[in-house]
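Just below is one structure, and these are the notes that go with it.
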Amino acid sequence: MTDRELFAKLKILIVDDSAEMRSVLAALCESMGVGAILSASSGEQGLKLFCAEAPDLIITDGSMRPMDGYELTRSVRSGECREDGTESCDRDVPVLMISGHVGPEMVRLARDNGVTDYIGKPITAAVLYERILAAVSKPIHIVETKAYRGPSPTRRLVPRISDTFSE
1 MTDRELFAKL
11 KILIVDDSAE
21 MRSVLAALCE
31 SMGVGAILSA
41 SSGEQGLKLF
51 CAEAPDLIIT
61 DGSMRPMDGY
71 ELTRSVRSGE
81 CREDGTESCD
91 RDVPVLMISG
101 HVGPEMVRLA
111 RDNGVTDYIG
121 KPITAAVLYE
131 RILAAVSKPI
141 HIVETKAYRG
151 PSPTRRLVPR
161 ISDTFSE
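All the letters of the sequence shown, read from the start, carry residue numbers 1 to 167 under the UniProt record's numbering.
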């Protein structure tokens, strides 16, 4: 399957409290040929859409109120997003976090909350494309303990910060 065919089959959920950022991300995804793009203006709305629509990938902002991208990711990973308590959603869905706060401590926080990949702003189309492609074509090993479920917390995301600045 070509990248274009893969992207055409994707359903991506964009969660950001900035209407402008949602619009930019949606336009970038559309230009990449993403088949379906869902949009939410808050973590709470994003969680509801996640449960209702079962997207293949979530792109979320880290800083939102009252539910930020970290809490959204924890809720997705825990499987507790359904009001009826069922787990019909894919708890292992890739989650890409986009944030203007780019430092090793923020990347570790994202990793420790189950985020698949962390992208610093400003974001480029090339970086977003590469990260989406990697997230959906090269699944990350999921680990589960009493306190955590998500991509292996021992993997390193910090070197990826340099990707943001090399564009």
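Ideal Cβ placement from N, Cα and C applies to all residues, glycine included. If you're wondering where the values come from, they're calculated on a predicted model, not measured in any experiment.
- Taking C-beta separations shorter than 8 angstroms and ignoring five residues to either side along the sequence, the partners of Ala26 in its chain run Ile14, Ile37 and Ser39, following chain order.
- A direct Cα-to-Cα measurement between Val107 and Ala125 gives close to 20 angstroms.
- Contact between the region 43 to 50 and the region 2 to 19 is present: three or more C-beta pairs spanning the two stretches fall below 8 angstroms.
- Rounded to the nearest whole angstrom, the C-alpha separation of Pro122 and Lys146 is 36 angstroms.
- Counting only the Cα atoms, Val127 lies some 10 angstroms from Gly120.
- When the alpha-carbon of Tyr129 is set against those of Glu30, Leu72 and Met21, the nearest one is in Glu30.
- When secondary structure is reduced to three states using DSSP, Asp117 falls in the strand class.
- Thr73 carries a helical assignment under DSSP once its states are collapsed to helix, strand and coil.
- Under a 10 Å Cβ-count criterion, Pro94 is classified as buried, with 16 or more other Cβ atoms of the shown protein chains found around its own Cβ.
- Per DSSP, reduced to three states, the secondary structure at Ile123 is coil, with no helix or strand assignment.
- Nearest to Asn113 by alpha-carbon distance, out of Lys9, His101, Val102 and Met97, is Met97.
- Around the CB of Thr2, fewer than 16 other CB atoms lie within 10 Å, so the residue is classed as exposed.
- Looking at the backbone, the Cα of Asp61 and that of Thr116 are separated by about 13 angstroms.
- Around the beta carbon of Asp56, 16 or more other beta carbons sit within 10 angstroms, so the residue counts as buried.
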